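**Q** FYI, in the working numbering the residues of the sequence shown are 146 to 318.
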Amino acid sequence: MRITITILFLQFFLNAKAQSKEYISFISDWESTYSKLPEFNGFDLYVDANFFGIIGDFFGDNINDHVFYIIDSTNKVKLALIDKGIKQKVYILGLHDDPFDIDDYKWAEIIKKVNRGEVLWSNFTDDFRKLSEVPESEKIYLNYDALYLHAAESCGRGFVYWKSGKFHWLQQE
Ligand SMILES: [Ca+2]
C-alpha cells in the first residue's frame with residue numbers, strides 16, 4: 146500500500162514537473178521567437194485551456210513540432226502549428242480559410258497528442274459505430290503523430306492530422 150502511494154505521488158510529481166518544464170519552454174519560445182513572426186501579428190499566446198502546448202512530429206519528418214493556442218483581439222482562439230524542419234513553416238487553424246470551418250477553437254479545451262501508429266477513426270457516419278465495426282479501409286494509421294481535440298463537457302471531439310499536404314478531420318461524437 147505504501148509503495149503504491151509512493152509510486153502515485155512520484156508519478157504526480159514527475160507529471161507536474163514535466164508540464165511546468167513544457168510550459169516554461171513554450172512561454173520562452175513565444176516571447177523570444179514566435180511572437181515576432183509576421184504570421185502571429187495581432188495574436189497573443191492563449192494559456193487558459195487545459196493543455197498548454199504539445200510537442201510531437203505532426204508533419205512526418207521526424208523533427209519535433211510545436212502546437213499551441215493563440216488568441217486574437219476579438220477573443221477567438223486559433224490553433225498554431227509550427228512545422229519545424231529544415232525550413233520552418235507556420236500553420237494557423239481557425240482563420241478564414243480553416244479547412245473545418247471552425248473560427249474559434251476555444252471549445253476544444255483539451256488537446257492530446259496521438260502517438261504515431263495509433264489508429265485514427267470516426268465513430269460516426271450515418272450512425273454511431275464501434276472501432277470493431279469500422280472497415281479497415283476507413284482506419285488511418287500514420288507513422289507520425291496526430292492531435293485529438295475535445296471539449297470536457299459537450300460531445301464535440303475529433304482527430305486532426307496532416308496528410309498529403311493538408312489537414313484532415315475525423316469526427317468523434
Ligand atoms: Ca516537423
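Every residue, glycine too, gets a C-beta built ideally from N, C-alpha and C.
Note that the structure is a prediction, hence the values are computed from the model and not measured.
May I ask whether a heavy atom of ligand 1 can be found less than 8 Å away from the beta carbon of Asn209?
**A** yes
**Q** Here's a check: name, in chain order, each residue in its chain whose Cβ is nearer than 6 Å to the Cβ of Leu226, leaving out the five neighbours to either side.
**A** Val212 and Tyr236
**Q** Which partner residues does Phe213 have in the DSSP bridge list?
**A** Gly198 and Ala225
**Q** Helix or strand or just coil, what does DSSP make of Asp271?
**A** coil
**Q** In three-state terms, what does DSSP make of Trp175?
**A** Residue state, collapsed to three classes: helix.
**Q** Using alpha carbons as the reference points, say which of Leu224, Ala194, Gly201 and Asp272 lies closest to Phe245.
**A** Leu224
**Q** Do Tyr306 and Asp201 count as a contact pair if the criterion is CB distance below 9 Å?
**A** Residue identity differs from the one stated: residue 201 is Gly in this sequence, not Asp. Going by C-beta atoms, Gly201 is not nearer than 9 Å to Tyr306.
**Q** Does ligand 1 have a heavy atom nearer than 8 Å to the CB of Lys311?
**A** no
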